[in-house]
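In this note's numbering, the protein residues as written are 2 to 958.
Each residue gets a CB set at the ideal place from its N, CA and C atoms; glycine is no exception.
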Amino acid sequence: MLTAGTAVLVTALGLVSPPVAAAETGQPPDAFSENTVRQIEALQSIKKSQTTGESKVDSRLLVEQKLRAQRMSASAVPALGSGANVSAAGTVLVDIRGQVSEELLKGLRESGAGIRAVSQRYGSVRAEVPLNAVQAIAGRADVKKVETANEAFTARQLAEPAVAGKRESKQEKADRITAELKKAVEAKGQVGISAGPINSEGDRAHNADTARQQFGVTGVGTKICALSDGIDSLATSQARGELPAGVDVIPGQEGDGDEGTAMLEIIHDLAPNASLGFASAFNSDASFADNIRKLRFDAHCDVIVDDVLYFKESPFQDWIIAQAVNDVTANGALYFSSAGNEGNVADGTSGHWEGDFVDSGKSVGKFAGTAHNFAGAAGNQIFEPISNASGAVPVTLFWSDPLGRSNNDYDLYLLNAAGNVVDFSQDNQTGTQDAYERVDTTGAAGLRLAIVKFSGEGRYLSLSALRGRFSDSADGLKAYTSPGVTVGHSAARDAFSVAAAPAAKAFPRALEPGDPANPVGPFPGAFGATTKVERFTSDGPRRVFYQADGTPITPGNVSGTGGEVRAKPDITAADGVSTSVTGFTTFYGTSAAAPHAAAIAGLVLSGNPGLPPADVREALINTAVDILTPGRDNSSGAGVILADKVLAYTGASPQPLATAGQPTVTPADGGSALDPGDTAKVTLPVTNRGDGTASSTSVVLSSPTPGVTVAPRSKSYGTISPGQTGVNDFTITVPATQELGVPVVLNARVTFAGSFSPTTSTFSLPVGTPSPVTQNFAYTGDVAAIPDSDPTGVTVPITVSGVGRASKLTFSVDGATCNTDQTSTTVGINHSYVGDLVGTLTSPSGAKATVFQRGGGSGNNLCQVVFTDTAAALFSTAPAASAPFTGTYKPVQALGGLTSGTAADGTWKFTAVDVAGGDTGSIRSISLHINGFVQPGVAERPASVGKSVGRGPVKPV
Numbered sequence: 002m003l004t005a006g007t008a009v010l011v012t013a014l015g016l017v018s019p020p021v022a023a024a025e026t027g028q029p030p031d032a033f034s035e036n037t038v039r040q041i042e043a044l045q046s047i048k049k050s051q052t053t054g055e056s057k058v059d060s061r062l063l064v065e066q067k068l069r070a071q072r073m074s075a076s077a078v079p080a081l082g083s084g085a086n087v088s089a090a091g092t093v094l095v096d097i098r099g100q101v102s103e104e105l106l107k108g109l110r111e112s113g114a115g116i117r118a119v120s121q122r123y124g125s126v127r128a129e130v131p132l133n134a135v136q137a138i139a140g141r142a143d144v145k146k147v148e149t150a151n152e153a154f155t156a157r158q159l160a161e162p163a164v165a166g167k168r169e170s171k172q173e174k175a176d177r178i179t180a181e182l183k184k185a186v187e188a189k190g191q192v193g194i195s196a197g198p199i200n201s202e203g204d205r206a207h208n209a210d211t212a213r214q215q216f217g218v219t220g221v222g223t224k225i226c227a228l229s230d231g232i233d234s235l236a237t238s239q240a241r242g243e244l245p246a247g248v249d250v251i252p253g254q255e256g257d258g259d260e261g262t263a264m265l266e267i268i269h270d271l272a273p274n275a276s277l278g279f280a281s282a283f284n285s286d287a288s289f290a291d292n293i294r295k296l297r298f299d300a301h302c303d304v305i306v307d308d309v310l311y312f313k314e315s316p317f318q319d320w321i322i323a324q325a326v327n328d329v330t331a332n333g334a335l336y337f338s339s340a341g342n343e344g345n346v347a348d349g350t351s352g353h354w355e356g357d358f359v360d361s362g363k364s365v366g367k368f369a370g371t372a373h374n375f376a377g378a379a380g381n382q383i384f385e386p387i388s389n390a391s392g393a394v395p396v397t398l399f400w401s402d403p404l405g406r407s408n409n410d411y412d413l414y415l416l417n418a419a420g421n422v423v424d425f426s427q428d429n430q431t432g433t434q435d436a437y438e439r440v441d442t443t444g445a446a447g448l449r450l451a452i453v454k455f456s457g458e459g460r461y462l463s464l465s466a467l468r469g470r471f472s473d474s475a476d477g478l479k480a481y482t483s484p485g486v487t488v489g490h491s492a493a494r495d496a497f498s499v500a501a502a503p504a505a506k507a508f509p510r511a512l513e514p515g516d517p518a519n520p521v522g523p524f525p526g527a528f529g530a531t532t533k534v535e536r537f538t539s540d541g542p543r544r545v546f547y548q549a550d551g552t553p554i555t556p557g558n559v560s561g562t563g564g565e566v567r568a569k570p571d572i573t574a575a576d577g578v579s580t581s582v583t584g585f586t587t588f589y590g591t592s593a594a595a596p597h598a599a600a601i602a603g604l605v606l607s608g609n610p611g612l613p614p615a616d617v618r619e620a621l622i623n624t625a626v627d628i629l630t631p632g633r634d635n636s637s638g639a640g641v642i643l644a645d646k647v648l649a650y651t652g653a654s655p656q657p658l659a660t661a662g663q664p665t666v667t668p669a670d671g672g673s674a675l676d677p678g679d680t681a682k683v684t685l686p687v688t689n690r691g692d693g694t695a696s697s698t699s700v701v702l703s704s705p706t707p708g709v710t711v712a713p714r715s716k717s718y719g720t721i722s723p724g725q726t727g728v729n730d731f732t733i734t735v736p737a738t739q740e741l742g743v744p745v746v747l748n749a750r751v752t753f754a755g756s757f758s759p760t761t762s763t764f765s766l767p768v769g770t771p772s773p774v775t776q777n778f779a780y781t782g783d784v785a786a787i788p789d790s791d792p793t794g795v796t797v798p799i800t801v802s803g804v805g806r807a808s809k810l811t812f813s814v815d816g817a818t819c820n821t822d823q824t825s826t827t828v829g830i831n832h833s834y835v836g837d838l839v840g841t842l843t844s845p846s847g848a849k850a851t852v853f854q855r856g857g858g859s860g861n862n863l864c865q866v867v868f869t870d871t872a873a874a875l876f877s878t879a880p881a882a883s884a885p886f887t888g889t890y891k892p893v894q895a896l897g898g899l900t901s902g903t904a905a906d907g908t909w910k911f912t913a914v915d916v917a918g919g920d921t922g923s924i925r926s927i928s929l930h931i932n933g934f935v936q937p938g939v940a941e942r943p944a945s946v947g948k949s950v951g952r953g954p955v956k957p958v
């Protein structure tokens, strides 16, 4: 999932460039040529002359600006690609670091920026901004740095190399997914709780299939959540029976792509009764960190797994993503992450070197700075050669200064065989910046890297060609590599960094020409001592110099003998497995390995509720089958894990999980509603959703509502077998003073013999007879444009008065005439590609409910649509062919919860967010429809039924 920066086309600048200099024969490995020196001098002259504002701009953006403004001659750097990916509209995607506020967002919009992601916690805004506005943005006092957007990729290994320019369009993808979903729905038979017909070979290779039978553990009682690119085909996998209904997706964080869908299928194959959740990791680095926290603290995930690396993640200190991992693991979550597919020294596939800076004594022209000597004591070589097959890969340089406090300035240059600068990164480090530079390879032959210490002290360095390889060059340069390419949040202390080993077929292609054959997995057998890791899997260990807050681990020593060494990766799991997801029918890479490990951890927690994370780690490490060299090694960690061994080690057993269901209320007076002064029978079901039998089951039913009595307080439900439901009756009495519309709250505490005991549930019983009169309240403001691909969206108000407390609430998107014209003025919401939208309703009290979420695919326009809690189908089930979208749908989250116990009067807010680029629209006509309660002695006339004309509102049926 890498989006590489495009090279600057010098001819497009209207400047004439001389021919690229020919390679200088006999050039020694320990000196820059005169040609190279001239070009680095030209670039350094820009660095030396920067203004204060310019010093806050990414160096590659700055040079791009100067080239376009003809303030720098392209002939000075004839082969240079700036690395700034400038769109045809003259915009660039950037990360703006600083103090995030409404004032900053307003200023960015006024500069022509489109907001793509916002993180208050981590002080970051991702935005699409005009290149010519970058310096003005950087000049703001609340902006610390304007960086080229920090890119990322997943740890999927493509069985066939990606073809440049060959990518599905948005419409092509929508059409494919629609067709696949239609086919799946038509073929769908009876869907049970078990996994669908395509099963991961890792289920067998990890002995998970037999372990579930042997120990009777299926993942029940645990929630396993994934972060990746997206879940485009979630509905299709659910229709096929490959995934269960009810996957908990953070609203607006569905993402773009299907690697997340494939990961969820793997988890469900191994832990079929675990609950599942998802959030995208690809909106920005800060959004990724925010979503990690949301999955734990909002969605309450027990196990979290991801397969993503952001290129700016430091190897030497836990950055914002690793800090988020630390937060959730400190709170008791288990976190698994792909070790990466960046190669390893043992297999000769590494593109990583790290070590102390060695001064070569070779200065660079007239400016301060000396080149690093890669050969160290063995000689003097100032270049690191890159293999000819390492095309379009990011190359990162870090050094051992704390994040945001680097005052030692290193620069990185990518040269071709002729000595021309092909790419460069030379940001300022003056005490407030990060110790980080990055370039991108071009795929040309004979490329080599040079590290220049512009100023400051010697530091420990880390140089990585991510998915590339350092190899000896044709002109005599020796490649230097070292273990330790596993970096970032995967190397967080309490995270599990997961390496990959094939479950079945060998990875089908050579990583580079001339490579040996890739290993084969054991399927239909299980992993054992002869298992080999994939040749691309990343190695460790990881040396870290600073605590997350920047405190030195070994004060005064930031060299190769300082810091702490973390044994990463931790464990190995299966890749090369089958899923039903298009593009992932055979899923290779540590992206596939991590969810296997996470699912096995879910089985452990399911069979051992409350087991401390340290005990889970002990079990996984101590039972791992040792592979490769004896003992822990850099490529496989402790070894490959087997589910049966882990469950046996922990003493896992089938656990019951008895929970109370929604009660049925029958008033003693025969009325249809529970009124003040009523006595009523409450029938309370209890269902055992667990793997084991719930014995000695009982319920204590109580109410915190003043004056309400419950009798008896407790009842025995006896023994409830797995999948069965027990029922008992209680009696409640409501005081005559109970206010209409204020619900009676019941708390049900279910106890049983099992580690998940007790479970608690809370229910709200409405009090009063619902009024048959529906009052309608419409948005009366101007047409509100929905900003494209902007997480802040647009919000419009609806004022409600004269209702009091509500007994029923529905929301409608109105309109007079329904059609699919994306510019239509007669529909409720006109928007092309409705599947981009997320709609949220907020009550006057601040309670929120997601109304619709990424439904409708490529269809246009919402018109005369009613969202009500009593509807059967979610809007996400609506196919694009149904556009313009009309009818009645169930909201994603119940609307009734917005009015429970509080007055409906006040200002309501509806927010529409477009979460994907390329399509636009507006809010035109929306309404709320609210029923209150019948007041004693007041006759009420039923509401009329029918559709409205003009701008609405649509009246609910």
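- The DSSP-derived three-state label of K145 is strand.
- The straight-line gap separating the alpha-carbon atoms of F298 and S238 is approximately 27 angstroms.
- When the Cα atoms are used, A445 and F812 turn out to be separated by approximately 58 angstroms.
- Around the CB of A511, fewer than 16 other CB atoms lie within 10 Å, so the residue is classed as exposed.
- Between P657 and A206, the CB-CB gap reaches or exceeds 9 angstroms.
- Contact between S474 and G447 holds, since their C-beta atoms are separated by about 6 angstroms, short of 8 angstroms.
- In this chain, the beta strand (DSSP E) harbouring P668 covers T665 to P668.
- The beta carbon of S361 is closer than 7 angstroms to those of D31, T371, A372, H373, N374, N381 and I383 in its chain, skipping five residues each way along the sequence.
- Less than 9 angstroms divides the Cβ of F497 from the Cβ of F337.
- The DSSP-derived three-state label of Q324 is helix.
- Closest option to V835, judged by alpha-carbon separation, among A669, A779, A749 and I924: I924.
- Y780 has no beta-bridge partner at all, per DSSP.
- Note on P525: under 16 other CB atoms within 10 angstroms of its CB, so exposed under the neighbour-count rule.
- Assignment of N151 by DSSP, reduced to helix, strand and coil, places it in the coil class.
- Excluding the 5 residues flanking it on each side, K479 has same chain C-beta neighbours closer than 6 angstroms at D473, in chain order.
- In the structure shown, K183 falls within a helical segment according to DSSP collapsed to helix, strand and coil.
- Assignment of beta strand (DSSP E) within the segment 300-356, counting only whole runs of 3 or more residues, yields 304-307, 309-311 and 335-339 in chain order.
- Scanning S844, D670, T734 and L159 for the CA closest to the CA of P509 turns up L159.
- Within a 10 Å sphere around the beta-carbon of R168 sit fewer than 16 other beta-carbons, which makes this residue exposed.
- In this structure, I733 keeps its C-beta atom at 9 angstroms or more from the C-beta atom of L810.
- About 15 angstroms separates the Cβ atoms of G632 and A500, ruling out a contact at the 8 angstroms cut-off.
- With fewer than 16 other Cβ atoms from the protein chains shown falling within 10 Å of its own Cβ, P556 counts as exposed.
- Secondary structure note for L467: it is in no alpha helix (DSSP H), with a DSSP letter that is neither H nor E.
- The C-beta distance from G489 to Y311 rounds to 7 angstroms, short enough to meet the 8 angstroms contact threshold.
- A distance below 8 angstroms between beta-carbons, with the five flanking residues on each side excluded, links N820 to the following residues of its chain, in chain order: T827, V828, N862, C864 and P885.
- Comparing alpha carbon positions, the residue from R855, L643, E565 and D286 closest to A602 is L643.
- Per DSSP, Q214 lies in no beta strand (DSSP E); the unbroken alpha helix (DSSP H) holding it starts and ends at A209 to F216.
- Runs of the alpha helix (DSSP H) lying entirely within the segment 104-141, each at least 4 residues long, are 135-139 in chain order.
- Residues of the same chain with a CB within less than 6 angstroms of the CB of D730, apart from the 5 flanking positions on each side, are K682 and T684 in chain order.
- Contact between the segment 869-888 and the segment 759-777 is absent: fewer than three C-beta pairs spanning the two stretches fall below 8 angstroms.
- The closest CA to that of S790, considering only E104, D204, S285 and E103, is found on S285.
- CA-to-CA, the gap between A568 and L464 works out to about 19 angstroms.
- In the structure shown, the three-state DSSP call for P767 is coil.
- Each of P798, N274 and G253 was checked against the Cα of F778, and the nearest Cα belongs to P798.
- G115 is positioned such that its CB atom lies no closer than 9 angstroms to that of V101.
- A distance below 6 angstroms between beta-carbons, with the five flanking residues on each side excluded, links T710 to the following residues of its chain, in chain order: T734.
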